[in-house]
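Each remark here refers to the structure printed beneath this line.
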Amino acid sequence: MTIQRVADAGIGAKNRSLIVAAAEKSFAQNGFKGTSVQQIADEAGLPKTNILYYFKTKQELYMAVLQETLALWNSHFDQATVEDDPAQVLASYIAEKMELSRTRPLASKIFALEILNGAPNLTGYFDQDHATWMRGRTDIIQAWIDRGKMRAVSPEYLLFTIWASTQHYADFSAQITRLRGKKMLKADFNEATCELVHLVLAGCGLQVPEAYRKSDNA
6 MTIQRVADAG IGAKNRSLIV AAAEKSFAQN GFKGTSVQQI ADEAGLPKTN ILYYFKTKQE
66 LYMAVLQETL ALWNSHFDQA TVEDDPAQVL ASYIAEKMEL SRTRPLASKI FALEILNGAP
126 NLTGYFDQDH ATWMRGRTDI IQAWIDRGKM RAVSPEYLLF TIWASTQHYA DFSAQITRLR
186 GKKMLKADFN EATCELVHLV LAGCGLQVPE AYRKSDNA
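Under my numbering, the sequence shown is numbered contiguously, ending at residue 223.
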């Protein structure tokens, strides 16, 4: 590949990232129906034609935002194996999702709105790729149970509980702020993460890894 092609590829990747970030903000504020390509272009500071060069339709861009969100959430849990320590894997998974609720709350809110509306735009990808991902993760959890590494719990319900608990801090941030009388800072998220790790791992009969022990993070 020539130097010019490398440069062009870099610019293309930067523009796509900029556009997806602008779309994330616009969709979170206005929803799918209330957002136009022009609004996204204005948010990104690019001509509308640039947006349509990388993403042919608003639907395609919306799907890119949703898929990126799922990819971020799945994270290192993708690489978990039967040989791994379930306590460490689950604690890390919870911590990663809590950090994303802190740093990428808009992505979570877009996904929540999509699901609340019946997930009309996720039919193909969600029912196939993400469902396959979930089956793979529940199989790993079940294998840990079968090997006596953790208490017998429903793998599906365990994942649903983790998702609901971690995404709550993004989707219901306004409620949390109103009830606490102040916004959650990074230290508050760290404390909430340790609490959640304790609750989930205790239910699974697992010992909390040292990094998440409350006495060490007080």
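A virtual CB, placed ideally from N, CA and C, is assigned to each residue, including glycine.
Just so we're clear, the structure is a prediction, and the values are computed from it rather than from any experiment.
- When DSSP states are grouped into helix, strand and coil, Asp90 belongs to the coil group.
- Between Val205 and Thr143 a beta carbon distance of about 15 Å is seen, past the 8 Å cut, so the two are scored as non-contacting.
- Ile115 sits close to Phe32, with the two beta carbons spaced by under 8 Å.
- Arg109 has its alpha-carbon roughly 17 Å from the corresponding atom of Ala197.
- About 36 Å separates the CB atoms of Ile99 and Ile56; that is not less than 8 Å, and the two are not in contact.
- The beta carbon of His203 lies closer than 7 Å to those of Val213, Lys219 in the same chain, with the five residues before and after it left out.
- Closest in C-alpha terms to Ala27, from the list Ala192, Val70, Lys102, Arg156, comes Val70.
- The alpha carbon of Glu29 has as its nearest neighbour, out of Ala18, Leu163, Val94, Thr74, the alpha carbon of Thr74.
- Of the residues Ala157, Ala169, Leu127, Ser97, the one whose Cα lies closest to the Cα of Gly208 is Ala157.
- Uninterrupted alpha helix (DSSP H) stretches at least 4 residues long and entirely within the stretch 161 to 219 occur at 178 to 185, 191 to 208, given in chain order.
- A straight-line Cα-Cα distance of about 42 Å links Ala216 and Tyr59.
- Judged by DSSP secondary structure, Ser113 falls within the alpha helix (DSSP H) whose first and last residues are 110 to 121.
- Assigned with DSSP and collapsed to three states, Val158 falls in coil, not helix or strand.
- With respect to the 8 Å criterion, Pro91 and Leu201 are not classified as neighbours on the basis of their beta carbons.
- Leu105 sits close to Trp78, with the two beta carbons spaced by under 8 Å.
- Sequence-distant Cβ neighbours of Ala136 in its own chain, meaning closer than 6 Å and more than five residues away, do not exist here.
- Around the CB of Ala175, 16 or more other CB atoms lie within 10 Å, so the residue is classed as buried.
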